[in-house]
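Step one of this worksheet: look at the structure below.
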Amino acid sequence: MTGNNSDAPAPHAVANNGSAYGRPPQHSNKRLTEVGPGMPMGELMRRYWQPIAVSTDLGDLPKKVQILGEELVLFRDRHGRPGLLYPRCMHRGTTLYYGKVEDRGIRCCYHGWLFDVEGNCLEQPCEPNGEWYPERCRQPWYPVEELYGFVFAYLGPPEKKPVLPRYDNLEDIGSDQILVSMIGGLGATGDLSLDVVPNSWLQMNDNVMDPFHVHVLHSTLTGPQFAAEFAIMPKVDFFQTDEGVCYSAVRELEDGQTVDRISSWLMPNIMSVPDIGLRAGYSSGVAWVVPVDDSHYVQAFAMKMPKDAPPLRITLGGKSWGDMTEEEHQRTPGDFEAQYGQGPISLHSEEHLATSDRGVIMQRKLLMQHMDIVAKGGDPMGVNFDPDKATVHIRSGNFFKKSAAAE
Amino acid sequence: MTGNNSDAPAPHAVANNGSAYGRPPQHSNKRLTEVGPGMPMGELMRRYWQPIAVSTDLGDLPKKVQILGEELVLFRDRHGRPGLLYPRCMHRGTTLYYGKVEDRGIRCCYHGWLFDVEGNCLEQPCEPNGEWYPERCRQPWYPVEELYGFVFAYLGPPEKKPVLPRYDNLEDIGSDQILVSMIGGLGATGDLSLDVVPNSWLQMNDNVMDPFHVHVLHSTLTGPQFAAEFAIMPKVDFFQTDEGVCYSAVRELEDGQTVDRISSWLMPNIMSVPDIGLRAGYSSGVAWVVPVDDSHYVQAFAMKMPKDAPPLRITLGGKSWGDMTEEEHQRTPGDFEAQYGQGPISLHSEEHLATSDRGVIMQRKLLMQHMDIVAKGGDPMGVNFDPDKATVHIRSGNFFKKSAAAE
Amino acid sequence: MTGNNSDAPAPHAVANNGSAYGRPPQHSNKRLTEVGPGMPMGELMRRYWQPIAVSTDLGDLPKKVQILGEELVLFRDRHGRPGLLYPRCMHRGTTLYYGKVEDRGIRCCYHGWLFDVEGNCLEQPCEPNGEWYPERCRQPWYPVEELYGFVFAYLGPPEKKPVLPRYDNLEDIGSDQILVSMIGGLGATGDLSLDVVPNSWLQMNDNVMDPFHVHVLHSTLTGPQFAAEFAIMPKVDFFQTDEGVCYSAVRELEDGQTVDRISSWLMPNIMSVPDIGLRAGYSSGVAWVVPVDDSHYVQAFAMKMPKDAPPLRITLGGKSWGDMTEEEHQRTPGDFEAQYGQGPISLHSEEHLATSDRGVIMQRKLLMQHMDIVAKGGDPMGVNFDPDKATVHIRSGNFFKKSAAAE
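Chains as they are written, first to last, in the working numbering: chain A, 67 to 473; chain B, 67 to 473; chain C, 67 to 473.
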């Protein structure tokens with residue numbers, strides 16, 4: 067910790083002998099948590115491309131997608147083009163989830179209206195001559211693109227659609243590597259037992275620029291969950307970048323080396339965490355904390371891995387999360403327990419952010435600033451319209467050197 | 067389709083490249099869907115007798131009944147009389163569902179108050195001399211009658227109670243026939259796997275005067291679910307009757323015959339659908355779409371069948387609905403998927419009713435008109451107070467003839 | 067029943083032929099049922115100690131406690147002291163349910179803040195020098211004490227904390243006896259199949275001063291559930307005491323004896339019911355009807371039992387409650403069916419309390435009076451601040467004598 071200069075206010079003096087009696091009502095910070103259409107955070111999120119599905123999961127059947135409080139239907143026409151449509155058929159409201167995928171689009175099961183991947187209505191078979199104002203019949207749709215094994219969607223205003231970003235650490239895949247892409251609850255639980263995590267995206271987001279929980283939750287509380295070296299209290303600094311916030315956590319190791327662990331958070335919900343086994347070098351992946359609605363999220367991971375690596379799956383005490391009993395969850399809490407333990411949506415008004423929460427404070431300030439920028443019609447941090455500048459440099463990694471003391 | 071003269075307005079021009087971004091909030095038509103006490107549709111529905119149970123299901127135990135947003139208790143006293151009571155005992159509110167059925171009525175389990183089938187309080191055993199204002203203690207009740215294997219109830223104002231209708235096609239049961247009476251989700255699923263269908267009654271009602279979904283959903287979309295001839299696009303006409311709306315769907319068959327399929331909807335929630343195998347002659351049954359509440363309904367069917375007919379059960383791809391996987395429901399949607407796929411209560415404000423929806427439009431207009439009539443104290447369509455005019459003629463059927471072209 | 071002098075008003079005359087049509091909306095008595103912070107009943111309840119856990123159930127893991135609409139965490143530090151804390155860590159809101167119990171208190175899993183049983187913050191390991199305004203960091207807490215095998219909590223204003231009461235019938239435990247202490251749904255079901263009863267505490271409370279349901283529900287309705295003598299209609303009197311209300315139910319037995327069954331209710335939710343097998347002598351136990359929230363409660367029982375007694379478990383027709391089918395619950399209703407059958411929270415506005423409900427009326431009046439006293443800053447009935455007067459005399463019991471007639 068470089069100094070004591072936190073932005074956190076000191077707590078109030080303790081009243082009433084500290085009794086829990088008579089506490090005033092508390093509330094969540096709706097500005098930071100509500101992601102539906104028209105909400106400030108919802109509008110900020112809608113200015114960025116979001117991963118919505120793993121490309122290989124999209125076969126010849128339509129798929130339900132829930133994101134940012136919206137329900138949508140994703141399909142791939144028989145020419146291979148993905149399409150993301152408002153699910154309720156514009157005719158009489160039947161969901162296109164039960165539609166039939168065809169060469170040119172998706173056909174509603176009820177009366178057969180056929181829509182292409184951009185919502186254009188191609189056929190209305192029960193109407194005279196097979197059409198009824200076809201130029202006026204358009205199923206609401208969102209643009210999608212495929213990259214890094216994901217289908218990405220842009221849910222914002224059409225005239226503000228940015229270039230889909232690329233990340234330099236996902237571009238240099240070695241011949242002995244594969245890119246693994248997953249969407250689900252893995253980041254919270256360490257295994258695949260949850261498809262959706264039942265709490266606010268912000269609780270995961272708060273976890274990213276928080277190197278101290280790595281020291282306590284994942285290390286000293288119940289023994290090492292990740293690298294043993296996390297038990298060493300690091301010297302931490304936070305700094306703002308062009309895309310968001312980074313921290314540097316420097317540890318003096320027993321062998322005389324120091325390791326500088328740099329972790330990145332990119333606006334508004336992207337992170338790149340260095341290897342949790344403290345393997346040297348740049349981070350091999352990027353992850354998105356994608357809100358399903360105000361109180362549910364998924365994580366999307368894209369990560370370079372050796373071709374022969376075993377499946378991602380963290381175990382605690384020899385058991386994976388989904389196999390643990392309630393008592394074992396209490397005895398060996400991890401990220402899920404710490405974050406879901408804040409409630410479906412935490413009560414931010416009763417938080418006491420201290421000096422160690424400086425990263426969280428920086429993130430939230432940036433989010434608040436850029437919600438204001440979006441409200442005023444501006445473009446938020448990290449959004450880019452120039453295809454030549456699509457690639458973002460990821461700084462994250464575990465960087466070792468001989469310590470000054472050791473030299 | 068006889069011409070293009072639909073009442074449906076043309077859709078608005080497409081704004082904003084058709085993007086799903088920025089859609090205004092949508093809503094259901096509460097006037098057409100809300101069935102609770104005091105709601106316009108609730109009051110219209112309460113002017114008609116509704117089937118609430120299969121008579122033979124009512125043994126020596128009380129039965130819960132949920133209809134039109136009300137919870138009630140149905141029982142049959144030991145003299146055989148059915149009674150339908152408000153469930154909360156007027157004394158201290160314990161449900162009569164746990165009451166004891168006796169010769170003269172039902173006895174509340176808690177303090178033993180005994181009520182007859184019309185709610186009169188016959189005993190109060192814990193009161194001095196066994197009574198406490200008995201003439202003022204009356205459990206709220208509704209009248210019931212039994213017909214066609216059902217217990218029918220009338221939930222409307224007592225002074226407006228009509229004659230219980232009869233239907234001519236249920237009166238002429240042949241010696242080789244039986245009348246089968248069922249209540250449940252059969253009409254939506256084709257099997258008995260749902261006791262209650264979890265969406266608005268109106269979504270089933272909209273399905274009745276809609277011959278075009280028969281052509282798409284049940285025929286051309288995934289192959290024939292009913293008769294193969296439904297793949298032929300019919301020439302359709304709709305006409306209003308004294309009881310509601312009918313359609314005539316005329317198909318030119320390959321053998322030179324034409325078949326005129328006439329289907330009937332009777333106010334406010336009654337239908338008679340001709341044989342779905344296209345067997346010639348009048349329809350053999352009548353069905354009621356009975357709202358449980360705003361977002362649930364049951365169907366009651368009374369149908370003449372051959373004595374040796376197998377149980378009613380529709381299969382799709384060799385499987386009944388309840389045995390199908392989620393993927394199979396997607397690949398072979400039927401009435402349940404089309405209607406439940408509109409949501410628990412559809413968002414009617416975003417519908418685009420086209421020329422093929424003329425029957426739906428006619429039904430809804432009649433419902434709207436007669437809600438107004440009820441609100442003004444009048445008697446709605448089809449309600450009858452003359453026992454001599456109790457029998458309604460059912461026009462529905464599949465009627466074959468040699469086509470003019472073939473002659 | 068001593069006379070007809072009930073406080074109950076006569077019911078209104080029956081309108082509209084008694085039809086259930088057009089009933090006005092009904093409501094629960096929120097003043098009597100709502101137990102959350104700040105609600106009149108919630109504040110009354112908070113002036114009394116309430117049992118929250120069985121002491122031996124509190125091992126080395128934190129335990130969730132839900133009471134009076136609040137969620138709390140109970141733990142026992144390694145020195146054996148129980149502590150009851152507001153569950154959301156004051157730092158960033160993670161529940162202490164996933165905290166680690168240590169010698170001096172409980173440590174939050176996320177960033178390691180350590181709190182003692184009175185909420186004092188002892189360590190903040192990620193802060194510079196391990197502390198950040200520790201004198202201002204206090205986790206909200208409530209005082210607890212252990213007695214009769216329970217952990218009791220006081221959730222009221224600190225300056226109003228009374229002495230924890232003792233009961234004379236729980237003090238004289240014989241050498242052949244043990245004190246059995248349980249919390250759960252036993253009082254409603256007769257067995258342990260429910261941890262929490264899903265209806266308002268008031269519905270159980272109303273059951274206490276109601277000797278008449280013993281005669282009907284537990285005796286004449288479906289045969290004896292308790293002592294056979296309960297089939298005899300008793301002569302009942304109610305009288306107010308310094309702590310609440312008692313009834314005396316006198317029965318003339320066949321053998322020429324009379325038995326006076328005295329049962330007690332103590333403000334605001336305490337009872338002592340005499341032996342239900344009609345064994346002679348004072349009641350051997352005390353029970354609390356503890357609200358979990360407005361529509362759920364638990365019962366806490368402390369009861370002297372012979373050392374070799376079998377576990378408490380009532381059977382009806384040879385089956386315990388949890389093993390009964392729905393049909394058996396209908397055919398053999400007990401306290402659960404009668405009380406849960408009033409709904410999650412009964413609709414008190416439609417009750418018709420009669421002469422046999424005089425005890426219920428007396429209880430509710432006392433509760434209303436003492437809610438007013440608390441609102442005005444006074445101390446409600448039975449609350450005591452003098453440790454020398456901690457012990458309450460329990461009058462309840464089955465008392466036999468030769469009847470006058472027999473002499």
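Think of the CB as a built atom: it goes at the ideal place given N, C-alpha and C, for glycine as much as any other residue.
Item: Cut-off 7 Å between Cβ atoms - residues of its own chain near G185(C), not counting five sequence neighbours on either side; Value: L151, R204, Q205, P206 and W207
Item: Three-way DSSP call (helix, strand, coil) for D326(C) in this model; Value: strand
Item: Contact with chain B by Y163(A), beta-carbon distance below 8 Å; Value: yes
Item: Contacts of L221(C) in chain A (Cβ-Cβ under 7 Å); Value: Y87
Item: Completely contained beta strand (DSSP E) runs for the segment 79-131 of chain B, where each covers 3 or more residues; Value: 116-120
Item: Interface positions of the segment 390-420 of chain B facing chain A (Cβ-Cβ less than 9 Å), listed along the chain; Value: E393, H395, Q396, R397, P399, G400, E403, A404, Q405, Y406, G407, Q408, G409, S412, L413, H414, E416, E417, H418, L419 and A420
Item: Boundaries of the alpha helix (DSSP H) in which H362(A) is found, first to last residue; Value: Not the alpha helix (DSSP H): H362(A) falls in the beta strand (DSSP E), residues H362 to P372.
Item: Neighbour-count burial assignment, N464(C), 16 or more Cβ in a 10 Å radius; Value: buried
Item: Between the CA atoms of L127(C) and F141(C) - distance to the nearest angstrom; Value: 7 Å
Item: Inter-residue Cα distance where the pair is M67(B) and A366(A); Value: For M67(B), the predicted model reports a pLDDT of 39, less than 50, meaning its position is unreliable and no value from the coordinates is stated.
Item: Beta-carbon separation (whole angstroms), A420(A) vs Q190(C), contact threshold 8 Å; Value: 7 Å
Item: C-beta contact flag for E392(A) and K385(A) at 8 Å; Value: no
Item: Beta carbon proximity, V458(C) to chain B, threshold 8 Å; Value: no
Item: Straight-line gap, E417(A) to Q408(A) (C-alpha atoms, nearest Å); Value: 11 Å
Item: Span of the alpha helix (DSSP H) around F402(B); Value: D401 to Y406
Item: Amino acids of chain C, ordered along the chain, whose beta-carbon sits closer than 8 Å to that of V282(A); Value: C175, Y176, H177, G178, P191 and C192
Item: DSSP beta-bridge partners of I342(A); Value: According to DSSP, which records beta bridges pairwise, I342(A) is partnered with nothing at all.
Item: Segment contact flag, the segment 149-166 of chain A with the segment 238-254 of chain A, C-beta cutoff 8 Å, min 3 pairs; Value: no
Item: Nearest-angstrom Cα separation, counted from P224(B) out to E212(B); Value: 18 Å
Item: Interface residues of chain D facing G84(C) [CB-CB closer than 8 Å]; Value: Chain labels in this structure do not include chain D; the protein chains are A, B and C.
Item: P224(A): contacting residues in chain B (beta-carbon distance under 8 Å); Value: N82, N83, S85 and Y87
Item: Whole-number beta carbon distance between L221(B) and P334(B), since they are thought to touch under 8 Å; Value: P334(B) to L221(B), Cβ: 13 Å. No contact.
Item: Backbone CA spacing between P376(A) and G256(A) [nearest angstrom]; Value: 14 Å
Item: Proximal chain C residues relative to P128(B), where beta-carbon distance stays under 9 Å; Value: Q396
Item: Positions along the segment 266-281 of chain C whose CB lies within less than 7 Å of some CB in chain B; Value: F278, H279 and H281
Item: Any C-beta of chain B under 8 Å from that of R144(A); Value: no
Item: Interface partners of P77(A) on chain C, CB under 7 Å; Value: Y199, R202 and C203
Item: Cβ of L287(B) within 8 Å of any chain A Cβ; Value: yes
Item: Selection from S361(A), V325(A) and V358(A) that minimises the alpha carbon distance to Y348(A); Value: V325(A)
Item: Cβ separation of A254(C) and M270(C), assumed to be a contact under 8 Å, to the nearest whole Å; Value: 7 Å
Item: V449(B) and Y233(B) closer than 8 Å at C-beta; Value: no
Item: Pairwise C-alpha distance: S338(B) and F304(B); Value: 15 Å
Item: Straight-line Cα distance separating M299(C) from I380(C); Value: 23 Å
Item: Alpha-carbon to alpha-carbon, A219(A) and V458(A); Value: 19 Å
Item: Cα-Cα separation, T398(B) to D389(C); Value: 41 Å
Item: Backbone secondary structure at A74(B) - three-state DSSP; Value: coil
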